[in-house]
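So the protein sequences, as listed, match chains A and B. Counting from 1, position 87 in the first sequence corresponds to residue 133 in this note's numbering; the numbering is continuous, with no gaps. Counting from 1, position 225 in the second sequence corresponds to residue 271 in this note's numbering; the numbering is continuous, with no gaps. Ideal placement from N, C-alpha and C gives every residue a C-beta, glycine not left out.
There are 2 protein chains.
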Amino acid sequence: MTAIFSTQAVLNAMKSVLPQGHAFLPLHEPNFSGNEWLYVKECLDTGWVSSVGKFVDRFEDELAQYTKVKRAIAVVNGTAALHVCLLLAGVKADDEVLIPALTFIATANAVSYCGAVPHFLDSEESTLGVDPRKLAGYLEETAEIRPSGCYNRVTGRRIKAMVPMHTFGHAVDLDPLVEVCQRFDITLIEDAAESLGSFYKGRHTGQRGLLSALSFNGNKTITTGGGGAILTNDEELGRQAKHITTTAKVPHRWEFNHDMVGYNYRMPNINAAIGCAQLEQLSGFLAAKRDLAERYRQAFTGIPGIRFFSEPANSRSNYWLNTLLLDEECAGQRDALLEATNDAGIMTRPAWTLMHKLPMFNACPKMDLSVAESLEQRLLNIPSSVMLGAGLDHA
Amino acid sequence: MTAIFSTQAVLNAMKSVLPQGHAFLPLHEPNFSGNEWLYVKECLDTGWVSSVGKFVDRFEDELAQYTKVKRAIAVVNGTAALHVCLLLAGVKADDEVLIPALTFIATANAVSYCGAVPHFLDSEESTLGVDPRKLAGYLEETAEIRPSGCYNRVTGRRIKAMVPMHTFGHAVDLDPLVEVCQRFDITLIEDAAESLGSFYKGRHTGQRGLLSALSFNGNKTITTGGGGAILTNDEELGRQAKHITTTAKVPHRWEFNHDMVGYNYRMPNINAAIGCAQLEQLSGFLAAKRDLAERYRQAFTGIPGIRFFSEPANSRSNYWLNTLLLDEECAGQRDALLEATNDAGIMTRPAWTLMHKLPMFNACPKMDLSVAESLEQRLLNIPSSVMLGAGLDHA
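Right, here's the structure in full:
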């Protein structure tokens, strides 16, 4: 194999963007330079650290305002948010749920928790997310619309929902996906775990799904330690989401009654306190991340065989995890690049192993996944922390 | 109905124990007078707030040392801990799991998450927990041991596990329960959510189950905001518990592979930091709680028809939630007592509604529940915070 680019050239391009003198630069470090301190201290001083407290309410209100949805419900993590989105969308045991093969494990696991079966979709290279046109063609061949919903002709199972994911913070092409869902009577849920601060045609990701999921894990654009949220524009679903994530307890001065099988998924107040402080800084974080992305883009311009992945046409992206894509003919150079960068203390990572290749999901239904398979071989994430961008301290 | 005791006499007894000048005394407030601050600040300063960090490891090690088990695995809450205990014990869909009717909803919900069916057991008044002798008689009539396990003759379902709960921190009578489990080939899991710091015959609760669950919710003896832990003396189950609660990711320098359907149940480092500080204070908390219990016991001595619930013969209890029991003939006075105390700013609460009375569980199998039914009518929890006991500041 002839190398198209030299590993050293790529390493040099990264180094030209990144600060010097760090022993190791992780993919994404959190940044606590705001009121985190103050708010957490308030929780400890007042004793309000747990499941009730003003920061949970405030965090939910501010998330709803920022993402412009009617209700946001804070939960323990993005996986829990996805699980509840699926439950409230009416996903039942033995239903199928369409999800991208190229996604983090949480999307597929949440489907499993419902007793449902993930059904894997291909991606398009322009967004790294579900390809709406290829999906439409596939469903025309595979799906059948009956009075009780959309069915998979091959497996006989109902296809209840679809959960596209905004990969690394780049918005999937939502308009045609919404159209496909409407045409095939499939409920749309957005996995916006990676896309807080990302917009599709000017609207925040997560607005179009019946319900959507955010994540505030430690590696996300903002973090609450561990955390997530459910977004919805349906007031009644918002009420149900709050109820089912708080053990389905029926309010009473002292009685303990619960009216359904619920979950203990509420976010503790102390984690919401951190979230409130982080949200205050979000616009600065996004500016820094977009600055970093632009400097990466410039640095990789002119290196043959590799390109920095820039936001798709309809997306204003948070650039959560910056991404390099190798040309098809350079895919064989990826592992050497992973070795060299990680050895040099610059963390890089390939895409997640595609879901249909994992042992617990390899018998699940899937469409042709050739683009996802290709992306999996050619993709690298590179350091993306807020502190690497302009406007924030590099120390 | 003739009142046996006067509501005012009970209220006066409470007031004689409790500090004055509080607008409202909740059932259980947390106490953060140790290193909570310092450790949380360290998390924020270093950026280690999330799923990896030294406080998670330290908290797990210290929990295992304190409870004298081989492995403790910190998770997001007690419900998650119970869920994983059941999964790792091999509970499958359509199995039955024996649990007390008198318990918090989490015990029953965790069974549901496995697709299994709760099967409700009666309590004994001496421990407020599962009655081992009554259970043995019931299983002799109802259960049948086959090569593949214990079966319910009536429903035909396998009875895979039993989850006794140490009610309000009083140890259930474990020795005869262990014997029943062995005789009927049923796996024992302890719901020790309420019993950190409680001992049965000198051994910490949670040691006897194949796996056991702790909770660190905001109302517990120690808190992490929200949190729980799995305890086990089986190293291999401990390894599996860590794996399945951390998305079942296979360790690798950069690859993302998962070998089974896992859960995102890990405790964030910032919550574990609070837990480490709380554990340092546990012996003081327990002393204060036992002092408070003793003062309550004395204050209620001599009031006819009502008694303070003292630790059972084989239990050294944490007195997590202090409990009053009304005599059978005074049960009708309970609601007036709830009204008067809560109106006076002293929070009191009846027992949880028994599980078999809730709509989602009312078709589940159950034994005669006459003692639990009686306890449900006669029981009140009263303020039990650490700060109400001697040795800690009442401010």
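For Gly391(A), tell me which candidate among Lys116(A), Ala69(A) and Leu57(A) has the shortest Cα-Cα distance. For this step, residue 391(A) is matched to residue 345 along the first sequence. Closest by alpha carbon: Ala69(A).
Measuring alpha carbon to alpha carbon, tell me which residue in Val307(B), Glu170(B), Lys116(B) and Asn265(B) is nearest Ala152(A). Against the first sequence, residue 152(A) aligns to sequence position 106. Considering only alpha carbons, the answer is Val307(B).
At a Cβ threshold of 7 Å, is Pro314(A) touching chain B? Here the question's residue 314(A) lines up with position 268 in the first sequence. Taking Cβ atoms only, chain B reaches closer than 7 Å to Pro314(A), which makes this a yes.
Between the region 303-333 of chain B and chain A, which residues of the former have a C-beta closer than 9 Å to a C-beta of the latter? Asn303, His304, Asp305, Met306, Val307, Gly308, Tyr309, Asn310, Tyr311, Arg312, Met313, Pro314, Asn315, Ile316, Asn317 and Ile320
If you measure from the beta carbon of Glu190(A) to each beta carbon in chain B, is any gap under 7 Å? Sequence index remark: in the first sequence, residue 190(A) carries index 144 (1-based). Closer than 7 Å: no.
Given a threshold of 16 other Cβ atoms within 10 Å of its Cβ, counted over all protein chains shown, does Arg478(B) qualify as buried or as exposed? The structure shown does not extend to residue 478(B), since chain B spans only 47 to 441, so no value can be given for it.
Could you tell me which residues DSSP pairs with Ile205(A) in its beta bridges? Along the first sequence, read from residue 1 onward, the residue named residue 205(A) stands at position 159. Beta-bridge pairing links Ile205(A) to Glu142(A) and Cys196(A).
Quick one: Cα of Ser218(B) to Cα of Lys100(A), how far? The residue labelled residue 218(B) in the question sits at position 172 within the second sequence. The residue labelled residue 100(A) in the question sits at position 54 within the first sequence. The question names Ser, but residue 218(B) in the sequence shown is Val. Near 37 Å, if we compare the C-alpha coordinates of Lys100(A) and Val218(B).
Please list, in chain order, the chain A residues whose beta carbon lies closer than 7 Å to that of Glu406(B). Residue mapping note: residue 406(B) aligns to position 360 of the second sequence, counting from 1. As written in the sequence, residue 406(B) is Met, which differs from the Glu given in the question. In chain order: Met306 and Val307.
Excluding the 5 residues flanking Ser431(A) on each side, which residues of the same chain have their C-beta closer than 6 Å to its C-beta? Translated into positions along the first sequence, residue 431(A) becomes position 385. Within the same chain, Ser431(A) has close Cβ partners His74 and Glu75.
Check each residue of the region 136-169 of chain B: if its Cβ is closer than 9 Å to any Cβ of chain A, include it; give the result in chain order. Ala139, Phe150, Ile151, Ala152, Ala154, Asn155, Ser158, Tyr159 and Gly161
Quick check on the DSSP output: the beta strand (DSSP E) that includes Ala275(A) runs from which residue to which? Counted from its first residue, the first sequence places residue 275(A) at position 229. Note, Ala275(A): beta strand (DSSP E), Gly274 to Thr278.
Counting contacts by CB-CB distance shorter than 7 Å, is Thr292(A) in contact with chain B? Counting from one through the first sequence, the residue named residue 292(A) turns up at place 246. It does not; no Cβ of chain B falls within 7 Å.
Determine the chain B residues that contact Pro76(A) at a beta-carbon separation under 7 Å, and present them in chain order. Numbered from 1 along the first sequence, position 30 holds the residue referred to as residue 76(A). Within 7 Å Cβ-Cβ: Gly93 and Val95.
Examine chain A for any beta-carbon lying closer than 7 Å to the beta-carbon of Leu421(B), and answer yes or no. Counted from its first residue, the second sequence places residue 421(B) at position 375. Leu421(B) does not count as touching chain A.
Let me confirm a value: Arg299(A) is counted as buried when at least 16 other C-beta atoms fall within 10 Å, else exposed. Which label applies? For the purposes of this step, residue 299(A) is taken as residue 253 along the first sequence, with counting starting at 1. With fewer than 16 other Cβ atoms within 10 Å, it is exposed.
To which residues of the same chain is Asp305(A) closer than 6 Å at the C-beta, ignoring the five residues directly before and after it? Sequence index remark: in the first sequence, residue 305(A) carries index 259 (1-based). Answer for Asp305(A): Ala294 and Val296, listed in chain order.
Which residue marks the beginning of the alpha helix (DSSP H) containing Leu332(A), and which one marks its end? Here residue 332(A) is taken as the residue at index 286 of the first sequence, counted from 1. Counting along the chain, the alpha helix (DSSP H) containing Leu332(A) begins and ends at Leu328 to Phe346.
By the 8 Å beta-carbon criterion, what residues does the region 121-134 of chain B contribute toward chain A? The region 121-134 of chain B vs chain A, Cβ under 8 Å: Val122, Asn123, Gly124, Thr125 and Ala126.
Would you say Gly271(B) and Leu260(B) are within 7 Å of each other, going by their C-beta atoms? The sequence position of residue 271(B) within the second sequence is 225, counting from 1. The sequence position of residue 260(B) within the second sequence is 214, counting from 1. The Cβ-Cβ distance between Gly271(B) and Leu260(B) does not fall below 7 Å.
Can you check DSSP and say which residues form a bridge with Glu190(A)? Counted from its first residue, the first sequence places residue 190(A) at position 144. Its beta-bridge partners are Tyr197(A).
Which residue marks the beginning of the alpha helix (DSSP H) containing His129(B), and which one marks its end? By 1-based counting over the second sequence, the position of residue 129(B) is 83. Counting along the chain, the unbroken alpha helix (DSSP H) around His129(B) starts and ends at Gly124 to Leu134.
Would you check if the distance between the CB atom of Pro178(B) and the CB atom of Pro146(B) is smaller than 7 Å? Within the second sequence, the letter at position 132 stands for residue 178(B). Within the second sequence, the letter at position 100 stands for residue 146(B). Going by C-beta atoms, Pro178(B) is not nearer than 7 Å to Pro146(B).
Output the distance between the C-alpha atoms of Asp439(B) and Phe78(B), rounded to the nearest integer angstrom. One-based indexing of the second sequence puts residue 439(B) at position 393. One-based indexing of the second sequence puts residue 78(B) at position 32. With a pLDDT of only 46 at Asp439(B), under 50, the local geometry of the prediction cannot be trusted, and the value read off the model is given with reservation. Their Cα atoms are separated by approximately 11 Å.
Return no unless some Cβ of chain B is closer than 7 Å to the Cβ of Thr399(A). By 1-based counting over the first sequence, the position of residue 399(A) is 353. Thr399(A) counts as touching chain B.
Report the option in Leu133(B), Pro210(B) and Phe214(B) whose CA atom is closest to the CA atom of Leu426(B). Here residue 426(B) refers to the residue found at position 380 when the second sequence is read from its first residue. Selected option, being the one with the closest Cα: Phe214(B).
Report the rounded CA-to-CA distance for Ile191(A) versus Cys89(A), giving the unit in angstroms. Within the first sequence, the letter at position 145 stands for residue 191(A). Within the first sequence, the letter at position 43 stands for residue 89(A). Computed Cα separation, rounded: 52 Å.
Should the region 168-177 of chain A be regarded as contacting the region 243-255 of chain A, the criterion being three or more beta carbon pairs within less than 8 Å? no
Take the Cβ of Thr369(A) as the centre, count every other Cβ of all protein chains shown within 10 Å, and call the residue buried at 16 or more, exposed below. For this step, residue 369(A) is matched to residue 323 along the first sequence. So Thr369(A) counts as buried.
Taking only the alpha-carbon atoms, compute the straight-line gap between Thr399(A) and Glu301(B) and give it to the nearest angstrom. Position 353 of the first sequence, counted from the start, is the residue given in the question as residue 399(A). Position 255 of the second sequence, counted from the start, is the residue given in the question as residue 301(B). Each residue's alpha carbon lies about 7 Å from the other.
Give a yes or no on whether 7 Å exceeds the smallest Cβ distance from Val86(B) to chain A. By one-based count along the second sequence, residue 86(B) stands at place 40. At least one C-beta of chain A is nearer than 7 Å to the C-beta of Val86(B).
Applying a beta-carbon distance threshold of less than 7 Å, which residues of chain B neighbour Glu106(A)? In the first sequence, counting from the first residue as 1, residue 106(A) sits at position 60. What Glu106(A) touches in chain B: nothing, since even the nearest Cβ is about 16 Å away.
Would the region 114-132 of chain A count as touching the region 377-390 of chain A if we require 3 or more Cβ pairs under 8 Å? no
Mind listing the chain A neighbours of Asn388(B)? Cutoff is C-beta to C-beta under 9 Å, in chain order. Here the question's residue 388(B) lines up with position 342 in the second sequence. Going along chain A in sequence order, the residues near Asn388(B) (Cβ under 9 Å) are Arg299 and Trp300.
With a threshold of 7 Å on Cβ separation, who are the neighbours of Arg254(A) within its own chain once the five nearest residues in sequence on each side are excluded? On the first sequence, residue 254(A) is found 208 positions in, with the first residue counted as 1. Answer for Arg254(A): Leu220, Val224, Leu234 and Glu236, listed in chain order.
Under a three-way DSSP split, which group does Phe166(B) fall into? Taking the second sequence and counting its residues from 1, one reaches residue 166(B) at position 120. Residue state, collapsed to three classes: strand.
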